[in-house]
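To start, the structure itself, in C-alpha coordinates.
Residue numbers (this note's numbering): 220 to 586.
Okay, here's the thing in C-alpha coordinates:
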(Lines of atoms letter the chains of each structure in order from A and count residues from 1; the text may use other names and numbers.)
(Lines give C-alpha, C1' and ligand atoms only; values in the text may rest on other atoms or scores of the structure.)
Protein backbone atom coordinates (compact mmCIF):
# COMPACT_ATOMS: atom_id res chain seq x y z
CA UNK A 1 0.00 0.00 0.00
CA UNK A 2 1.57 3.31 -1.04
CA UNK A 3 2.29 5.97 1.56
CA UNK A 4 0.35 8.54 -0.48
CA UNK A 5 -2.79 6.44 -0.48
CA UNK A 6 -2.46 5.58 3.21
CA UNK A 7 -2.03 9.29 3.93
CA UNK A 8 -5.17 10.12 1.92
CA UNK A 9 -7.20 7.48 3.71
CA UNK A 10 -5.98 8.51 7.16
CA UNK A 11 -6.69 12.18 6.44
CA UNK A 12 -10.17 11.18 5.32
CA UNK A 13 -10.53 9.27 8.57
CA UNK A 14 -9.87 12.45 10.53
CA UNK A 15 -13.03 13.89 8.97
CA UNK A 16 -15.05 10.91 10.16
CA UNK A 17 -13.55 10.75 13.64
CA UNK A 18 -14.09 14.45 14.31
CA UNK A 19 -17.40 13.58 16.01
CA UNK A 20 -15.94 10.85 18.25
CA UNK A 21 -16.65 11.25 21.96
CA UNK A 22 -13.84 11.99 24.39
CA UNK A 23 -13.34 8.36 25.49
CA UNK A 24 -13.65 6.93 21.98
CA UNK A 25 -10.42 6.21 20.12
CA UNK A 26 -10.49 6.55 16.31
CA UNK A 27 -9.13 3.33 14.78
CA UNK A 28 -8.50 2.58 11.11
CA UNK A 29 -8.36 -1.12 10.25
CA UNK A 30 -6.92 -2.66 7.09
CA UNK A 31 -8.34 -6.02 6.03
CA UNK A 32 -6.44 -7.96 3.37
CA UNK A 33 -8.19 -10.67 1.41
CA UNK A 34 -5.07 -12.88 1.26
CA UNK A 35 -4.56 -12.76 5.05
CA UNK A 36 -7.96 -14.12 6.12
CA UNK A 37 -7.82 -17.48 7.90
CA UNK A 38 -10.04 -20.60 7.78
CA UNK A 39 -10.70 -20.68 11.52
CA UNK A 40 -12.90 -17.58 11.24
CA UNK A 41 -15.30 -19.61 9.10
CA UNK A 42 -15.08 -17.54 5.92
CA UNK A 43 -12.98 -15.06 3.99
CA UNK A 44 -14.66 -11.95 5.35
CA UNK A 45 -13.20 -9.63 2.70
CA UNK A 46 -14.70 -11.81 -0.05
CA UNK A 47 -18.07 -11.96 1.70
CA UNK A 48 -18.12 -8.23 2.46
CA UNK A 49 -17.19 -7.08 -1.03
CA UNK A 50 -19.72 -9.45 -2.63
CA UNK A 51 -22.62 -8.13 -0.54
CA UNK A 52 -21.66 -4.45 -0.80
CA UNK A 53 -21.16 -4.72 -4.56
CA UNK A 54 -24.63 -6.22 -4.97
CA UNK A 55 -26.16 -3.42 -2.88
CA UNK A 56 -24.35 -0.72 -4.89
CA UNK A 57 -25.20 -2.16 -8.31
CA UNK A 58 -28.87 -2.56 -7.33
CA UNK A 59 -28.93 1.08 -6.09
CA UNK A 60 -29.75 0.25 -2.48
CA UNK A 61 -26.52 1.71 -1.08
CA UNK A 62 -24.65 4.89 -2.02
CA UNK A 63 -20.99 4.71 -3.01
CA UNK A 64 -19.01 7.93 -2.51
CA UNK A 65 -15.66 9.16 -3.78
CA UNK A 66 -14.33 9.44 -0.20
CA UNK A 67 -15.52 9.73 3.42
CA UNK A 68 -16.12 13.44 2.77
CA UNK A 69 -18.93 12.29 0.43
CA UNK A 70 -18.61 15.06 -2.14
CA UNK A 71 -19.33 12.95 -5.24
CA UNK A 72 -21.66 9.95 -5.47
CA UNK A 73 -20.52 7.07 -7.66
CA UNK A 74 -23.43 5.21 -9.25
CA UNK A 75 -23.51 1.50 -9.97
CA UNK A 76 -23.00 2.12 -13.70
CA UNK A 77 -20.03 4.41 -12.95
CA UNK A 78 -18.51 1.73 -10.70
CA UNK A 79 -18.75 -0.76 -13.57
CA UNK A 80 -17.05 1.80 -15.81
CA UNK A 81 -14.23 2.17 -13.25
CA UNK A 82 -13.82 -1.61 -13.31
CA UNK A 83 -13.69 -1.70 -17.12
CA UNK A 84 -11.28 1.22 -17.46
CA UNK A 85 -8.92 -0.13 -14.79
CA UNK A 86 -9.32 -3.76 -15.88
CA UNK A 87 -10.09 -4.72 -12.28
CA UNK A 88 -12.96 -6.32 -10.39
CA UNK A 89 -14.56 -4.94 -7.23
CA UNK A 90 -15.32 -8.53 -6.22
CA UNK A 91 -11.64 -9.51 -6.41
CA UNK A 92 -10.16 -6.56 -4.54
CA UNK A 93 -7.43 -7.26 -2.03
CA UNK A 94 -7.91 -4.51 0.56
CA UNK A 95 -10.76 -3.01 2.55
CA UNK A 96 -10.33 -0.21 5.10
CA UNK A 97 -12.74 -0.13 8.03
CA UNK A 98 -13.24 3.13 9.95
CA UNK A 99 -14.16 2.67 13.62
CA UNK A 100 -14.04 4.14 17.10
CA UNK A 101 -13.07 1.97 20.08
CA UNK A 102 -13.90 2.52 23.75
CA UNK A 103 -12.32 0.47 26.54
CA UNK A 104 -15.02 0.22 29.20
CA UNK A 105 -13.07 -2.19 31.47
CA UNK A 106 -15.21 -5.29 30.85
CA UNK A 107 -15.21 -5.09 27.05
CA UNK A 108 -14.12 -3.08 24.04
CA UNK A 109 -17.12 -1.27 22.60
CA UNK A 110 -16.79 -0.36 18.94
CA UNK A 111 -18.69 1.73 16.43
CA UNK A 112 -18.18 1.15 12.73
CA UNK A 113 -18.39 4.30 10.61
CA UNK A 114 -17.74 3.07 7.08
CA UNK A 115 -15.55 1.28 4.54
CA UNK A 116 -13.16 2.27 1.76
CA UNK A 117 -12.68 -0.29 -1.01
CA UNK A 118 -9.33 -0.52 -2.75
CA UNK A 119 -7.62 -2.73 -5.31
CA UNK A 120 -3.97 -3.00 -6.27
CA UNK A 121 -3.22 -4.05 -9.86
CA UNK A 122 -0.35 -6.32 -10.86
CA UNK A 123 1.75 -3.27 -11.80
CA UNK A 124 1.25 -1.96 -8.23
CA UNK A 125 -1.14 0.76 -9.45
CA UNK A 126 -3.91 1.31 -6.90
CA UNK A 127 -7.58 1.71 -7.80
CA UNK A 128 -9.90 3.23 -5.20
CA UNK A 129 -13.51 2.25 -5.81
CA UNK A 130 -14.88 4.55 -3.13
CA UNK A 131 -16.41 4.79 0.33
CA UNK A 132 -19.66 3.43 1.80
CA UNK A 133 -21.26 4.61 5.06
CA UNK A 134 -21.88 1.87 7.60
CA UNK A 135 -25.30 3.26 8.48
CA UNK A 136 -26.45 2.58 4.90
CA UNK A 137 -25.48 -1.08 5.31
CA UNK A 138 -26.52 -1.63 8.93
CA UNK A 139 -29.97 -3.10 8.27
CA UNK A 140 -28.65 -5.39 5.53
CA UNK A 141 -25.81 -6.58 7.77
CA UNK A 142 -28.25 -7.36 10.59
CA UNK A 143 -30.48 -9.63 8.51
CA UNK A 144 -27.95 -11.26 6.16
CA UNK A 145 -26.19 -14.47 7.14
CA UNK A 146 -22.56 -15.05 6.26
CA UNK A 147 -21.85 -18.04 4.02
CA UNK A 148 -19.59 -19.95 6.39
CA UNK A 149 -17.50 -23.05 5.76
CA UNK A 150 -17.33 -26.12 8.03
CA UNK A 151 -15.34 -24.13 10.61
CA UNK A 152 -17.92 -21.37 10.90
CA UNK A 153 -21.05 -20.71 12.93
CA UNK A 154 -24.10 -21.15 10.71
CA UNK A 155 -26.25 -18.43 12.31
CA UNK A 156 -23.56 -15.72 12.07
CA UNK A 157 -24.57 -12.51 10.30
CA UNK A 158 -22.37 -9.75 8.90
CA UNK A 159 -23.16 -7.81 12.08
CA UNK A 160 -21.89 -10.73 14.20
CA UNK A 161 -18.56 -10.71 12.37
CA UNK A 162 -18.15 -6.95 12.53
CA UNK A 163 -18.99 -6.71 16.24
CA UNK A 164 -16.77 -9.66 17.22
CA UNK A 165 -13.95 -8.74 14.78
CA UNK A 166 -13.91 -12.36 13.63
CA UNK A 167 -11.49 -11.65 10.80
CA UNK A 168 -7.81 -10.87 10.32
CA UNK A 169 -6.92 -7.17 10.37
CA UNK A 170 -4.06 -4.77 10.96
CA UNK A 171 -4.37 -1.37 12.61
CA UNK A 172 -2.96 1.37 10.36
CA UNK A 173 -4.05 4.37 12.43
CA UNK A 174 -4.78 4.55 16.15
CA UNK A 175 -5.84 7.62 18.14
CA UNK A 176 -4.93 9.90 15.24
CA UNK A 177 -1.41 8.50 14.82
CA UNK A 178 -0.22 6.30 11.94
CA UNK A 179 0.79 2.73 12.78
CA UNK A 180 3.91 1.93 10.78
CA UNK A 181 4.24 -1.86 11.02
CA UNK A 182 2.41 -5.10 11.69
CA UNK A 183 4.46 -5.49 14.88
CA UNK A 184 3.25 -2.10 16.11
CA UNK A 185 -0.32 -3.06 15.21
CA UNK A 186 -0.02 -6.30 17.18
CA UNK A 187 1.42 -4.41 20.15
CA UNK A 188 -1.58 -2.06 20.20
CA UNK A 189 -3.97 -5.01 20.10
CA UNK A 190 -2.21 -6.60 23.07
CA UNK A 191 -1.86 -3.45 25.18
CA UNK A 192 -5.25 -1.86 24.47
CA UNK A 193 -7.49 -4.88 24.08
CA UNK A 194 -5.69 -7.24 26.47
CA UNK A 195 -7.98 -10.26 27.02
CA UNK A 196 -11.20 -8.29 26.62
CA UNK A 197 -13.80 -9.25 24.03
CA UNK A 198 -15.23 -6.87 21.49
CA UNK A 199 -18.84 -5.86 22.19
CA UNK A 200 -19.56 -8.82 24.48
CA UNK A 201 -22.65 -7.16 25.97
CA UNK A 202 -24.18 -6.80 22.50
CA UNK A 203 -23.17 -10.23 21.26
CA UNK A 204 -24.09 -12.22 24.36
CA UNK A 205 -23.36 -15.95 24.27
CA UNK A 206 -24.98 -18.45 21.98
CA UNK A 207 -23.71 -22.01 21.52
CA UNK A 208 -21.98 -22.50 18.16
CA UNK A 209 -24.19 -24.11 15.55
CA UNK A 210 -23.72 -25.78 12.18
CA UNK A 211 -26.25 -26.73 9.53
CA UNK A 212 -25.38 -30.30 8.55
CA UNK A 213 -26.86 -32.07 5.53
CA UNK A 214 -26.38 -35.82 5.29
CA UNK A 215 -27.65 -38.93 3.55
CA UNK A 216 -28.69 -42.06 5.40
CA UNK A 217 -27.09 -44.99 3.59
CA UNK A 218 -29.43 -47.98 3.64
CA UNK A 219 -27.79 -49.80 0.77
CA UNK A 220 -24.64 -51.10 2.45
CA UNK A 221 -24.35 -54.86 2.89
CA UNK A 222 -22.69 -54.59 6.30
CA UNK A 223 -23.73 -56.72 9.26
CA UNK A 224 -22.92 -54.15 11.96
CA UNK A 225 -25.80 -52.65 13.93
CA UNK A 226 -25.70 -49.28 12.16
CA UNK A 227 -26.01 -50.96 8.75
CA UNK A 228 -28.86 -53.14 10.02
CA UNK A 229 -30.65 -50.08 11.45
CA UNK A 230 -30.21 -48.13 8.20
CA UNK A 231 -31.69 -50.94 6.10
CA UNK A 232 -34.56 -51.37 8.54
CA UNK A 233 -35.36 -47.65 8.30
CA UNK A 234 -35.66 -47.95 4.52
CA UNK A 235 -37.92 -51.02 4.83
CA UNK A 236 -40.19 -49.31 7.37
CA UNK A 237 -40.46 -46.24 5.15
CA UNK A 238 -41.33 -48.38 2.14
CA UNK A 239 -44.04 -50.23 4.09
CA UNK A 240 -45.46 -46.96 5.43
CA UNK A 241 -45.69 -45.37 1.97
CA UNK A 242 -47.19 -48.50 0.38
CA UNK A 243 -49.81 -48.82 3.12
CA UNK A 244 -50.66 -45.10 3.24
CA UNK A 245 -51.28 -44.24 -0.39
CA UNK A 246 -53.02 -40.92 0.31
CA UNK A 247 -50.10 -39.69 2.41
CA UNK A 248 -47.71 -40.91 -0.30
CA UNK A 249 -49.60 -38.92 -2.95
CA UNK A 250 -49.69 -35.81 -0.73
CA UNK A 251 -45.91 -36.10 -0.36
CA UNK A 252 -45.56 -35.86 -4.14
CA UNK A 253 -45.84 -39.57 -4.91
CA UNK A 254 -48.49 -38.87 -7.55
CA UNK A 255 -45.70 -37.45 -9.75
CA UNK A 256 -43.86 -40.77 -9.93
CA UNK A 257 -46.57 -43.46 -9.65
CA UNK A 258 -47.17 -43.48 -13.40
CA UNK A 259 -43.96 -45.42 -13.98
CA UNK A 260 -43.83 -47.67 -10.89
CA UNK A 261 -46.15 -50.31 -9.54
CA UNK A 262 -47.28 -50.03 -5.95
CA UNK A 263 -45.41 -53.14 -4.82
CA UNK A 264 -42.27 -52.00 -6.67
CA UNK A 265 -41.95 -48.82 -4.59
CA UNK A 266 -38.41 -48.63 -3.20
CA UNK A 267 -36.80 -46.03 -0.93
CA UNK A 268 -33.41 -45.36 -2.48
CA UNK A 269 -32.17 -42.40 -0.45
CA UNK A 270 -33.01 -40.31 2.60
CA UNK A 271 -31.58 -36.78 2.95
CA UNK A 272 -31.70 -34.97 6.30
CA UNK A 273 -30.97 -31.35 7.24
CA UNK A 274 -30.14 -30.79 10.90
CA UNK A 275 -28.93 -27.97 13.12
CA UNK A 276 -26.07 -29.25 15.26
CA UNK A 277 -25.15 -27.27 18.38
CA UNK A 278 -22.24 -27.74 20.76
CA UNK A 279 -23.18 -27.10 24.38
CA UNK A 280 -20.71 -27.92 27.18
CA UNK A 281 -18.76 -30.09 24.74
CA UNK A 282 -21.88 -32.13 23.94
CA UNK A 283 -23.55 -32.05 20.53
CA UNK A 284 -27.32 -31.68 20.25
CA UNK A 285 -29.30 -32.32 17.06
CA UNK A 286 -32.38 -30.51 15.79
CA UNK A 287 -33.91 -31.98 12.64
CA UNK A 288 -35.02 -29.20 10.29
CA UNK A 289 -36.19 -31.22 7.28
CA UNK A 290 -36.04 -34.60 5.57
CA UNK A 291 -36.47 -35.69 1.95
CA UNK A 292 -37.28 -39.28 1.00
CA UNK A 293 -36.28 -40.48 -2.47
CA UNK A 294 -38.48 -43.18 -3.98
CA UNK A 295 -37.04 -44.99 -6.99
CA UNK A 296 -34.45 -42.17 -7.19
CA UNK A 297 -37.13 -39.43 -7.35
CA UNK A 298 -37.48 -36.91 -4.51
CA UNK A 299 -40.75 -36.61 -2.62
CA UNK A 300 -41.68 -33.27 -1.07
CA UNK A 301 -39.38 -31.98 1.66
CA UNK A 302 -40.81 -32.90 5.07
CA UNK A 303 -41.04 -30.45 7.97
CA UNK A 304 -40.27 -31.49 11.58
CA UNK A 305 -44.01 -31.79 12.18
CA UNK A 306 -44.47 -34.07 9.17
CA UNK A 307 -41.55 -36.21 10.33
CA UNK A 308 -43.09 -36.48 13.80
CA UNK A 309 -46.46 -37.50 12.31
CA UNK A 310 -44.90 -40.31 10.28
CA UNK A 311 -45.76 -43.42 12.30
CA UNK A 312 -42.55 -45.36 11.79
CA UNK A 313 -40.72 -47.35 14.46
CA UNK A 314 -37.20 -48.71 14.20
CA UNK A 315 -36.43 -51.11 17.06
CA UNK A 316 -39.36 -49.58 18.99
CA UNK A 317 -37.88 -46.11 18.46
CA UNK A 318 -39.88 -43.30 16.83
CA UNK A 319 -38.47 -41.69 13.70
CA UNK A 320 -37.55 -38.32 15.34
CA UNK A 321 -35.68 -40.08 18.16
CA UNK A 322 -34.02 -42.49 15.72
CA UNK A 323 -32.70 -39.57 13.67
CA UNK A 324 -31.21 -37.90 16.75
CA UNK A 325 -29.63 -41.10 18.11
CA UNK A 326 -27.34 -41.41 15.05
CA UNK A 327 -27.29 -45.21 15.22
CA UNK A 328 -27.19 -45.55 11.44
CA UNK A 329 -24.82 -45.01 8.53
CA UNK A 330 -24.70 -41.38 7.48
CA UNK A 331 -22.79 -39.59 4.75
CA UNK A 332 -22.28 -35.85 5.30
CA UNK A 333 -22.73 -33.91 2.06
CA UNK A 334 -22.69 -30.32 3.33
CA UNK A 335 -21.72 -28.34 6.43
CA UNK A 336 -23.01 -24.77 6.44
CA UNK A 337 -22.20 -23.54 2.92
CA UNK A 338 -19.36 -26.00 2.30
CA UNK A 339 -20.07 -28.99 0.08
CA UNK A 340 -18.36 -32.12 1.42
CA UNK A 341 -16.94 -34.70 -0.97
CA UNK A 342 -18.08 -38.25 -0.29
CA UNK A 343 -14.51 -39.43 0.27
CA UNK A 344 -14.11 -36.81 3.04
CA UNK A 345 -17.47 -37.38 4.75
CA UNK A 346 -16.20 -39.79 7.41
CA UNK A 347 -13.36 -37.49 8.47
CA UNK A 348 -15.63 -34.45 8.67
CA UNK A 349 -17.98 -36.46 10.90
CA UNK A 350 -15.03 -37.41 13.12
CA UNK A 351 -13.91 -33.78 13.12
CA UNK A 352 -17.32 -32.57 14.27
CA UNK A 353 -17.23 -35.10 17.09
CA UNK A 354 -13.62 -34.65 18.20
CA UNK A 355 -12.17 -31.31 17.08
CA UNK A 356 -12.67 -27.72 18.14
CA UNK A 357 -15.54 -26.48 16.02
CA UNK A 358 -13.51 -23.68 14.43
CA UNK A 359 -10.83 -26.19 13.39
CA UNK A 360 -12.83 -28.97 11.75
CA UNK A 361 -11.16 -28.40 8.37
CA UNK A 362 -7.68 -28.56 9.95
CA UNK A 363 -8.65 -31.84 11.61
CA UNK A 364 -9.58 -33.34 8.23
CA UNK A 365 -6.47 -32.01 6.47
CA UNK A 366 -4.07 -33.21 9.17
CA UNK A 367 -5.74 -36.53 10.04
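We put the beta carbon where it would ideally sit given N, CA and C, even for glycine. The structure presented is a predicted model; accordingly, all values stated were derived computationally and were not measured.
- By the Cβ rule, the region 283-298 does not count as touching the region 364-371, because fewer than three pairs are nearer than 8 Å.
- Here residue 369 is buried, its C-beta having at least 16 other C-beta atoms within 10 Å.
- Listed in chain order, the alpha helix (DSSP H) elements of length 4 or more contained wholly in the region 438-470 are 444-462 and 464-469.
- Between residue 354 and residue 555 the beta-carbon gap is near 29 Å, outside 8 Å, which marks them as no contact.
- Across the structure, residue 488 and residue 456 are spaced so that their CA atoms are roughly 11 Å apart.
- Around the Cβ of residue 398, a 10 Å sphere holds 16 or more other Cβ atoms; the residue is buried.
- Separation of residue 279 and residue 374 (C-alpha to C-alpha, rounded to the nearest whole angstrom) is 24 Å.
- According to the DSSP assignment, residue 335 belongs to the beta strand (DSSP E) that extends over 327-339.
- Judged by DSSP in its simplified three-state form, residue 421 adopts helix.
- The shortest C-alpha to C-alpha distance from residue 520 to any of 531, 506 and 312 is the one to 506.
- Residue 247 places its beta carbon less than 8 Å from that of residue 391.
- Residue state for residue 553 is assigned as strand, using DSSP reduced to three classes.
- Taking every protein chain shown into account, the CB of residue 318 has 16 or more other CB atoms within 10 angstroms, so this residue is buried.
- The bridge partners DSSP lists for residue 416 come to none.
- For the 8 Å CB-CB criterion, residue 395 and residue 286 do not form a contact.
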